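Visitor: Each residue of the first sequence is one higher than the one before, starting from 0 at the first, in numbering that gives the first Met the number 0. Quick one: structure below, then a few questions.
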Amino acid sequence: MSLIEELRWRGLLHQQTHDDLEARLAKEPITCYAGFDPTADSLHVGSMIPIIGLMHLQRAGHRPIILVGGGTGLIGDPSFKAAERALLTKEDVARNVARIQKQLEHFLDFTGPNAAVVRDNGDWLSQLPLIDFLRDIGKHFSVNAMLSKDSVRQRLEDRDHGISYTEFTYSLLQAYDFLALFEKEACRLQLGGSDQWGNIVAGIDLVRRIHGEETYGFTLPLVTKSDGSKFGKSETGNVWLDPARTSPYTFYQFWLNQADADTSRYLRFYTFLEHAAIEDLERQIAEEPHKRAAQRALAEAVTRMVHGDAALANAIEASEAMFSGDLKGLDEATLNDVFAEVPSAVIPHSVLGAGRGLIDVLVEAQVFPSKGEARRLIQNGGLYLNSERIDDAETPLNAASLLTGNIAIVRKGKKNYHLLRFE
RNA sequence: GGUGGGUUGCCCGAGUGGCUAAAGGGGACGGGCUGUAAACCCGUUGGCGUAAUGUCUACGAAGGUUCGAAUCCUUCACCCACCA
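Take a look at the structure:
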């Protein structure tokens, strides 16, 4: 199966610029790149898709370049955005570039004949004299054509927001990136999210006009959910790749909780499992959905790829502890580990003997914003202390409230844990 | 610049003197069912309070009328429509 067939089978090929891309890829190894915006200091599950694309290319023998946008990040991509973007400071961009680069390095192989490389477009964009840029690059772009692009049109129609000259120029800078990588690295293929189509085509045109050479591009799909809500959000917000922002446990849970209708697509997008294995999991979704074998396989594969085996093992252990309902058998070290990322409050040991009500202490520990809310939850049967339901709002807090010597576990609803640590 | 309409709780939206902490919907949260799902059903959704016909805060802002105002009056701010 050719690389393009493989990508197509996985649903990863959205649009391609040339019908003969498949033949070109089969002919000889190609150098390809995808760009990553340093708008935050971490990538998230949505922005992982182009990395997956690069991984497939590298596995097929091609040479991937990770391009981080240390230059373009100072401008901001206006494509399909509703409003002018706030500019990041140079320091922020530099910091984000460094962190994202480190994150990305973990997905590709930097050794061997088709070792991946990392480039930062700040290296050439920040050195670019404006006059040269306008003479050599700007001349090749028709404003009329740029104005008609979908990616900028909505900003032109919106009189409240408009688009600045700065953002308008973004597309040229990105086209220039392709030219620069073509010249410096003999790079002939760009991939990106579906919102990058216009920028990719602009780059290909520029290389053709200046060098008369043909380069290629394709886009990967935007990841969507079958129920129409936005992909990549958990209860607590965006799902990031950085374990400091989204813990491996939350990350694992995010995948485990995917809807049946979406899991098959995500297995194809995000894992490198064999076709037969994926088809088998798809059959299991249809035949015995309650076992969630596909979700488990998805969560395991992606968590392992992003966070490694040890973090995956912890995430599974924590999941079992939290959802088995019984915490009693666990020792303090395990508890600390399992609940490491859960919000915790430190309470002086002395309150245990003070005859305080549980609710009072929980409000003080900021487990609840008000006593009324705590009472309401108890009334609805949603508060648990050490996995036992609390049904009396007047329950006192004392030594019997402890799970182990120093720890008590409060649960709000099914999944919302708080750790109380007594010192 | 003129005229008219608007600004209500997380969001939308009803309410034109007391029965209004404010209908209804959405969202969110909890419970049930279940597969840590979807759908569905039930409940909760300003603070304090065990509770009350309790108390404080709240209907763009500030004043005023009234026993009593989200509701009436005045000024200010912002938004929208039409006219110039």
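Yeah, the Cβ is synthetic: ideal placement off N, Cα and C, and Gly gets one too. None of the values given here were measured: they were computed from a predicted structure.
Could you check if Asn-95 is buried or exposed, using at least 16 other CB atoms within 10 Å of its CB as the buried criterion?
Guide: Counting from one through the first sequence, the residue named residue 95 turns up at place 96. Flag for Asn-95 reads buried.
Visitor: Taking three-plus beta-carbon pairs below 8 Å as touching, is the segment 245 to 259 in contact with the segment 58 to 69?
Guide: no
Visitor: Write down the C-beta distance between Gly-197 and Ser-150 rounded to the nearest angstrom, noting that I regard them as a contact closer than 8 Å.
Guide: To locate residue 197, count along the first sequence from 1; it is residue 198. To locate residue 150, count along the first sequence from 1; it is residue 151. With 8 Å as the limit, Gly-197 and Ser-150 qualify as a contact, their Cβ atoms being about 5 Å apart.
Visitor: Would you mind working out which of Ser-228, Thr-88, Gly-70 sits nearest Trp-123, comparing C-alpha positions?
Guide: Position 124 of the first sequence, counting from 1, holds the residue named residue 123. Here the closest residue by C-alpha is Gly-70.
Visitor: Below 7 Å CB to CB, which residues in the same chain sit around Leu-171 once its five sequence neighbours on both sides are set aside?
Guide: For the purposes of this step, residue 171 is taken as residue 172 along the first sequence, with counting starting at 1. Cβ within range, chain order: Ile-136, Gly-137, Phe-140.
Visitor: I want to check one thing, is the minimum distance from the CB of Pro-28 to the heavy atoms of the ligand ADP below 6 Å?
Guide: Ligands in the displayed structure: none, and consequently the ligand ADP is not present.
Visitor: For Ser-323, which three-state DSSP category applies?
Guide: Mapped onto the first sequence, residue 323 falls at position 324. Note: Ser-323 maps to helix in three-state DSSP.
Visitor: Expressed to the nearest angstrom, what Euclidean distance is found between the alpha-carbon atoms of Asn-405 and Glu-422?
Guide: To locate residue 405, count along the first sequence from 1; it is residue 406. To locate residue 422, count along the first sequence from 1; it is residue 423. Asn-405 and Glu-422: Cα-Cα distance of roughly 7 Å.
Visitor: Let me know if Tyr-164 comes out buried or exposed under the rule of 16 or more other beta-carbons within 10 Å of its beta-carbon.
Guide: Here residue 164 is taken as the residue at index 165 of the first sequence, counted from 1. Looking at its Cβ environment, which holds fewer than 16 other Cβ atoms inside 10 Å, Tyr-164 is exposed.
Visitor: In chain order, what residues of the same chain have a beta carbon less than 6 Å from the beta carbon of Tyr-383, not counting five sequence neighbours either side?
Guide: Looking up residue 383 in the first sequence gives position 384. The answer, listed in chain order, is Arg-410.
Visitor: Using 10 angstroms around the beta-carbon of Thr-223, count the other beta-carbons present and answer buried if the total reaches 16, otherwise exposed.
Guide: By 1-based counting over the first sequence, the position of residue 223 is 224. With fewer than 16 other Cβ atoms within 10 Å, it is exposed.
Visitor: Less than 7 Å between the C-beta atoms of Gly-68 and Leu-219, yes or no?
Guide: Taking the first sequence and counting its residues from 1, one reaches residue 68 at position 69. Taking the first sequence and counting its residues from 1, one reaches residue 219 at position 220. No, the pair does not count as a contact, with Cβ atoms beyond the cut-off.
Visitor: Would you call Met-0 buried or exposed, if buried means 16 or more other Cβ atoms sit within 10 Å of its Cβ?
Guide: Taking the first residue of the first sequence as position 1, residue 0 is located at position 1. The residue is exposed, with fewer than 16 neighbouring Cβ atoms inside 10 Å.
Visitor: What are the boundary residues of the alpha helix (DSSP H) that includes Ala-399?
Guide: Working through the first sequence from its first residue, we reach residue 399 at position 400. Ala-399 -> no alpha helix (DSSP H), and no H or E assigned at all.
Visitor: Rounded to a whole number of angstroms, what is the C-alpha to C-alpha distance between Phe-177 and Val-206?
Guide: Counting from one through the first sequence, the residue named residue 177 turns up at place 178. Counting from one through the first sequence, the residue named residue 206 turns up at place 207. Those two C-alpha atoms are separated by around 7 Å.
Visitor: Quick check on the DSSP output: the beta strand (DSSP E) that includes Phe-217 runs from which residue to which?
Guide: To locate residue 217, count along the first sequence from 1; it is residue 218. Phe-217 -> beta strand (DSSP E) spans 215 to 219.
Visitor: Where does Gln-14 land, buried or exposed, given buried means 16+ other C-beta within 10 angstroms?
Guide: Within the first sequence, numbered from 1, the residue matching residue 14 stands at position 15. Exposed, because fewer than 16 other Cβ atoms sit within 10 Å of the Cβ of Gln-14.
Visitor: Check for me: the alpha helix (DSSP H) holding Val-142 runs from which residue to which?
Guide: Within the first sequence, the letter at position 143 stands for residue 142. Taken as a continuous stretch (DSSP letters only), the alpha helix (DSSP H) holding Val-142 covers 142 to 146.
Visitor: Tell me the rounded alpha-carbon separation between Asn-237 and Arg-282.
Guide: Translated into the one-based positions of the first sequence, residue 237 becomes position 238. Translated into the one-based positions of the first sequence, residue 282 becomes position 283. Going from the Cα of Asn-237 to the Cα of Arg-282 covers about 30 Å.
Visitor: Can you check DSSP and say which residues form a bridge with Gln-14?
Guide: The residue you call residue 14 lines up with position 15 of the first sequence. Gln-14 is bridged to Thr-218.
Visitor: Counting Cβ pairs closer than 8 Å, one from the segment 35 to 45 and one from the segment 237 to 247, do we hit at least three?
Guide: Yes: the two stretches touch, three or more of their Cβ pairs being nearer than 8 Å.
Visitor: Any idea if Ser-46 is buried or exposed, counting beta-carbon neighbours within 10 angstroms, 16 or more meaning buried?
Guide: For this step, residue 46 is matched to residue 47 along the first sequence. Ser-46 comes out buried.
Visitor: Does the structure place the segment 387 to 403 close enough to the segment 352 to 368 that three or more beta carbon pairs sit under 8 Å?
Guide: Touching, per the Cβ criterion.
Visitor: Pull up the distance between the alpha-carbon of His-105 and that of Phe-367, whole angstroms please.
Guide: Within the first sequence, residue 105 is the residue found at index 106, counting from 1. Within the first sequence, residue 367 is the residue found at index 368, counting from 1. C-alpha separation (whole angstroms): 39 Å.
Visitor: Hey, could you find the ends of the alpha helix (DSSP H) Ala-332 is sitting in?
Guide: Here residue 332 corresponds to residue number 333 of the first sequence, with the count starting at 1. Per DSSP, Ala-332 belongs to the alpha helix (DSSP H) from 331 to 337.
Visitor: Report buried or exposed for Thr-88, applying the criterion of at least 16 other Cβ atoms within 10 angstroms of its Cβ.
Guide: The residue you call residue 88 lines up with position 89 of the first sequence. Thr-88 should be labelled exposed.
Visitor: Apply the 10 Å Cβ neighbour rule to Asn-120 and answer buried if 16 or more other Cβ atoms are within range, or exposed otherwise.
Guide: Counting from one through the first sequence, the residue named residue 120 turns up at place 121. Buried.
Visitor: Figure out for me which residue from Asn-113, Asp-18, Arg-187 has the closest Cα to the Cα of Gln-57.
Guide: Taking the first residue of the first sequence as position 1, residue 57 is located at position 58. Nearest option by C-alpha distance: Asn-113.
Visitor: Could you check whether the segment 182 to 194 touches the segment 211 to 218, counting it as contact only if at least three pairs of C-beta atoms, one from each stretch, sit closer than 8 Å?
Guide: yes
Visitor: Excluding the 5 residues preceding and the 5 following Glu-4 in the sequence, name in chain order all residues of the same chain whose CB lies nearer than 8 Å to its CB.
Guide: Position 5 of the first sequence, counted from the start, is the residue given in the question as residue 4. Excluding residues within five positions, the ones whose Cβ falls inside 8 Å are Glu-21.
Visitor: Opposite His-289 in the DSSP bridges: which residues?
Guide: Within the first sequence, residue 289 is the residue found at index 290, counting from 1. As far as DSSP is concerned, His-289 takes part in no beta bridge.
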